[in-house]
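Residue numbers (this note's numbering), protein chains in the order written: chain A, 1 to 651; chain B, 1 to 258.
Reviewing the structure listed below.
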Amino acid sequence: MPIERVVGIDLGTTNSLVAYMHGDQHPTLAAPNARAAASGVVIIPGEDGSNLVPSLVALTLEGETIVGNAARKHLIETSDRAVYSVKRLMGRGIEDVQAELKLFPFRLAEDLAPGEVLRIKLGDKTFTPPEISAIILRQLKRNAERFFGGPVKQAVITVPAYFNDAQRQATKDAGRIAGLEVLRLVNEPTAAALAYGLDQKQNGTVAVYDFGGGTFDISILKLHDGIFEVIATNGDTHLGGDDIDNLLIAIALDDIRGDLGLDVRANGEATQRIRQAVIDAKIALSANDSAVIEADLPGGHRYQRQITRAQFEKLIRPVVERTLAPCKLAMKDAGITPAEIDEVVLVGGSTRIPLVRQLVRELFKREPHCEINPDEVVALGAAVQANILAGGSKATEDMLLLDVTPLSLGIEALGGVVAKIIHRNSTIPASATEHFTTGVEGQTSVAIHVVQGERELAKDCRSLARFDLKGIPPMPAGLPRIEVRFLIDANGILHVSAREQRSGKEAEIQVQPSYGLTDDQVETMILDSFDNAEIDFAQRQVIEARNEAETMLAALDKGRNSPAWQQLTPDERTNIAHQETSLRQVMGGDDYLTIRNAIDILNKGTMRLAEVMMETAVHSALKGKTMDDADMGEGPTAPHPFAKAEIENSK
Amino acid sequence: MSDKVAISILNNGATPNGQCWSCGAMRAAHFCDSCGHLQPAEPTNFFSFFDLPRKLNIDTKQLEKIFYGLSRKLHPDVFARIDGPEQDWSLQKTSQLNDAYRTLRDPISRTEYLLKLEGVQMEEQSKTATENARTSGEVKKQAIPPELLEEVFELNMQLEEARRNKKMGESDVQLASDLELTRKSLEDKYAALDNELREYWNEWDAFMDRHHTGEQSPQRTTRDDAERKQIRGKMVSLLNRRSYIRNLVRDVNEVLEI
Chain A
1 MPIERVVGID LGTTNSLVAY MHGDQHPTLA APNARAAASG VVIIPGEDGS NLVPSLVALT
61 LEGETIVGNA ARKHLIETSD RAVYSVKRLM GRGIEDVQAE LKLFPFRLAE DLAPGEVLRI
121 KLGDKTFTPP EISAIILRQL KRNAERFFGG PVKQAVITVP AYFNDAQRQA TKDAGRIAGL
181 EVLRLVNEPT AAALAYGLDQ KQNGTVAVYD FGGGTFDISI LKLHDGIFEV IATNGDTHLG
241 GDDIDNLLIA IALDDIRGDL GLDVRANGEA TQRIRQAVID AKIALSANDS AVIEADLPGG
301 HRYQRQITRA QFEKLIRPVV ERTLAPCKLA MKDAGITPAE IDEVVLVGGS TRIPLVRQLV
361 RELFKREPHC EINPDEVVAL GAAVQANILA GGSKATEDML LLDVTPLSLG IEALGGVVAK
421 IIHRNSTIPA SATEHFTTGV EGQTSVAIHV VQGERELAKD CRSLARFDLK GIPPMPAGLP
481 RIEVRFLIDA NGILHVSARE QRSGKEAEIQ VQPSYGLTDD QVETMILDSF DNAEIDFAQR
541 QVIEARNEAE TMLAALDKGR NSPAWQQLTP DERTNIAHQE TSLRQVMGGD DYLTIRNAID
601 ILNKGTMRLA EVMMETAVHS ALKGKTMDDA DMGEGPTAPH PFAKAEIENS K
Chain B
1 MSDKVAISIL NNGATPNGQC WSCGAMRAAH FCDSCGHLQP AEPTNFFSFF DLPRKLNIDT
61 KQLEKIFYGL SRKLHPDVFA RIDGPEQDWS LQKTSQLNDA YRTLRDPISR TEYLLKLEGV
121 QMEEQSKTAT ENARTSGEVK KQAIPPELLE EVFELNMQLE EARRNKKMGE SDVQLASDLE
181 LTRKSLEDKY AALDNELREY WNEWDAFMDR HHTGEQSPQR TTRDDAERKQ IRGKMVSLLN
241 RRSYIRNLVR DVNEVLEI
């Protein structure tokens, strides 16, 4: 398919952005950043004019999904119909999100089995994390389509460098569900390096410290005449600004319980107000020496607490210090010391915190770069990679990104030990070939368990998939020689193929992703998603109109049996009969407007009948009857008797 | 610049015979000489992928240049807009390129790889075997290199005592400093192996130069085979010693909690 108009998307924990790099022809387009603008890279703003789209999704009572700032109101007012930080749940199972559930108001479906893809409840509907992410992506796609005045079908999406295979696959699935062909997943710190490297093509070693809303990454790159070669990466996919917020929220909740004797943890609205208040305070503390956390609470109470920067720093230091170990490991893997690093680049909103900058400065012993807005730099870099894939331009013609796989890939061997076949920090695409055989005579299938991680035992690593090699020709034990090739592609996603070498037969592989959607599920979701959500909505309107028509007709039947019917003129009665017939004719159709129309007409036509019936009822009431007893027809007086059962005799 | 280096090297060696799938001309290893189209990925050994002889002295700066040059030409980014089989070949070829570069740029993995190509089974000192042994608690079946016998005997006694002390919560300053000394001496030995390995590389490369090719050739004599085997044997023994010493250092570090 032809490649055109490929956008770059930063699908963040807290905020998401979409950016585009014009080829060579639009160097003067306005952009928030002068350096980026010079190369024609722009962030595409949303309808509200803001570059950042909060990664927040709400489901309205009408069943519509809304994204970003527009959904904020719902997060406070109907917090059970809104979700944020869903990136934390991507590619994970119920057993590995227990810690998150204590800290985040995720409402998961109750019937989740271990290993099943999570489902999040919004109101009475459930969505998988890729579906929620797809709703955000679809909003970004719409923003871009409005910007271009034309369709956008292809994208480069960024992921944390330390994302494992399942998390990457989930992100790719989200793209597909949103109707985007994901040409490449790019690691966030690497994308940031591309954005920085665009205008200053110099050689050297660069460390990218990316501390975002929910994830932390460190990547060390070697720049060589336009080649961006990642030599080591490390990180923590569950460490970010969210963790800092949670520390402050815990303090506020304690205060409130102590001072006001209120436990507001179960109150979604109050918790969200407190959360917003601590985020505001956290941001204020990057510029000021003190800030006030204030929030309105139920019962007219108001919470207020002053916090100084010194107190704040003491509180968050342990969180920030958790970023140091991955940095040291990455340098060790890269075989370099801080002195050998030429530049340090800061990425992610959390790097605005002065304490973070201080610790980075101390670790790398140099002043870090933050010239490009740390919230936007990843999206800008994604747009650069998008431009490269779309054929490049003068600014990108020499640029090539060589990234690595963050985690070792291994196979569970005898005794549950992991045999590593592709080591972490191997340049991708990377591959490994392994040979397997049978242990029992005539065995026709072999099971392989693939894991990702650095631990020695398979149970401590991340289970990626269980493969069944099937269709092995029956042979004595140990004779078949099955060659399995594992290939990690440029997105960091694993592919497996197998061949039985003695028979030359391609072995059939059944993949059971441990925490992913199957292709069929994704296909179904694509069908079920937005465009169809509109169809759903229309269908629901038809159903509602039909129900209303039924009620209407039932009431009319009652009216016919009431004395009031006799007080209508023959014309009125004929008229009503016509209107009734037209309603019965159209109510089976699919056009809810026609049905509603017919209902309205019949409604008007029976207006006098209703009035007369009401008068009769009032009269009856005066005679000592209640309105219910007034002769308005035979209502059911007892539970409906069971219909006679039909019993089929199969013999 | 660098791709020119890569291509000239690629085109002057023995390339697999075949025709370009696109234009039918005789083709080079990665691209057709005539029409420039990418050729299918084929099973290859890492030396041939870079069109290098099966020799162990490799100029890694030069190898890096070739790697960058080929990356620019083979990477899936370059084929993102091209439909058809070339997209998949580019993925396959780039993975071969990356695997080959990773293996050949490191002296130890390069040596191990060559030995593997030569048909030497190195199971004894493989990581899997080590890890298997560690989990099962069995002593790994690995012969103690004779020249280390005495030292290992002494060291094992010290380690046992140190572990016993640790369990009892006692500390023995003298023992700790002895172990520290042993660790230093082991690390020196470990480092010295690099020079020794280079000697064997030179022997191997000289042998290859005399016989022009690493492939089986009909003129090979029994004497050649014996020589070949002998050099291989020296490298295997060195790598075994190396991994043995590495494991000892790890054991000492564990006890000293480094």
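Heads up, the beta-carbon is just placed ideally off N, CA and C, and yes, glycines get one too.
As the structure is a prediction and not an experimental result, all values here were calculated from the model.
Do you know how far the Cα of residue j is from the Cα of residue i?
i, j, result
"residue 195 of chain B", "residue 161 of chain B", "34 Å"
"residue 441 of chain A", "residue 120 of chain B", "29 Å"
"residue 86 of chain A", "residue 132 of chain A", "7 Å"
"residue 14 of chain A", "residue 196 of chain A", "22 Å"
"residue 522 of chain A", "residue 446 of chain A", "28 Å"
"residue 629 of chain A", "residue 547 of chain A", "With a pLDDT of 41 at residue 629 of chain A, under the threshold of 50, the modelled position of that residue is not reliable, and the figure given next carries that caveat. So the two alpha carbons sit approximately 26 Å from each other."
"residue 516 of chain A", "residue 164 of chain A", "12 Å"
"residue 285 of chain A", "residue 292 of chain A", "9 Å"
"residue 316 of chain A", "residue 244 of chain A", "6 Å"
"residue 626 of chain A", "residue 563 of chain A", "Low per-residue confidence applies at residue 626 of chain A: pLDDT is 42, beneath 50, and the placement is therefore not dependable, though the value from the model is reported in the following sentence. So the alpha carbons of these two residues sit roughly 16 Å apart."
"residue 460 of chain A", "residue 451 of chain A", "9 Å"
"residue 396 of chain A", "residue 382 of chain A", "13 Å"
"residue 327 of chain A", "residue 235 of chain A", "8 Å"
"residue 235 of chain B", "residue 114 of chain B", "10 Å"
"residue 602 of chain A", "residue 65 of chain A", "35 Å"
"residue 193 of chain B", "residue 66 of chain B", "29 Å"
"residue 12 of chain A", "residue 307 of chain A", "28 Å"
"residue 289 of chain A", "residue 114 of chain A", "47 Å"
"residue 320 of chain A", "residue 279 of chain A", "16 Å"
"residue 241 of chain B", "residue 250 of chain A", "56 Å"
"residue 158 of chain B", "residue 172 of chain B", "11 Å"
Between which two residues does the alpha helix (DSSP H) harbouring residue i extend?
i, result
"residue 655 of chain A", "Residue 655 of chain A falls outside the range modelled here, since chain A spans only 1 to 651, and no answer is possible."
"residue 147 of chain A", "129-148"
"residue 113 of chain B", "107-117"
"residue 84 of chain A", "Segment 82-84 is the beta strand (DSSP E) holding residue 84 of chain A; no alpha helix (DSSP H) there."
"residue 94 of chain A", "Residue 94 of chain A -> no alpha helix (DSSP H), and no H or E assigned at all."
"residue 179 of chain A", "Per DSSP, residue 179 of chain A belongs to no alpha helix (DSSP H) and is neither H nor E."
"residue 249 of chain B", "222-256"
"residue 271 of chain A", "268-284"
Return yes when the Cβ of residue j is within less than 7 Å of the Cβ of residue i, no when it is not.
i, j, result
"residue 19 of chain A", "residue 379 of chain A", "yes"
"residue 209 of chain B", "residue 56 of chain B", "no"
"residue 56 of chain A", "residue 89 of chain A", "no"
"residue 348 of chain A", "residue 212 of chain A", "yes"
"residue 156 of chain A", "residue 8 of chain A", "yes"
"residue 206 of chain A", "residue 221 of chain A", "yes"
"residue 384 of chain A", "residue 369 of chain A", "no"
"residue 91 of chain B", "residue 429 of chain A", "yes"
"residue 334 of chain A", "residue 232 of chain A", "yes"
"residue 167 of chain A", "residue 49 of chain A", "no"
"residue 137 of chain A", "residue 99 of chain A", "no"
"residue 458 of chain A", "residue 418 of chain A", "yes"
Which residue comes first and which comes last in the beta strand (DSSP E) that contains residue i?
i, result
"residue 216 of chain A", "216-224"
"residue 692 of chain A", "Since the first residue shown for chain A is 1 and the last is 651, residue 692 of chain A is missing from the structure and cannot be characterised."
"residue 58 of chain A", "56-59"
"residue 470 of chain A", "462-470"
"residue 451 of chain A", "446-452"
"residue 496 of chain A", "494-500"
* To do: Please list the residues of the stretch 213-231 of chain A that have a C-beta atom closer than 7 Å to any C-beta atom in chain B, keeping them in chain order.
  => 224, 227
* Identify each residue in the stretch 472-498 of chain A for which the Cβ-Cβ distance to at least one residue of chain B is less than 7 Å, and report them in chain order. => 487, 489, 490
* To do: Please list the residues of the stretch 52-75 of chain B that have a C-beta atom closer than 8 Å to any C-beta atom in chain A, keeping them in chain order.
  => 68, 71, 72, 75
* **Continuous beta strand (DSSP E) assignments of at least 3 residues falling wholly in the stretch 307-388 of chain A** => 343-347
* May I ask you to list, following chain order, the residues of the stretch 80-100 of chain B that have a beta carbon less than 8 Å from some beta carbon of chain A? => 80, 81, 83, 91, 92, 94, 95, 96, 98, 99
* To do: Report the residue ranges of all beta strand (DSSP E) runs contained in full by the stretch 154-219 of chain B; include only those spanning at least 3 residues, in chain order.
  => none
* **Cβ-based contacts, 9 Å cut-off: residues of the stretch 102-113 of chain B near chain A** => 102
* Quick one: which unbroken beta strand (DSSP E) runs of 3-plus residues sit fully inside the stretch 578-606 of chain A? Chain order, please. => none
* Asked: Listed in chain order, which residues of the stretch 391-402 of chain A have Cβ atoms closer than 8 Å to some Cβ of chain B?
  -> 391, 400, 401, 402
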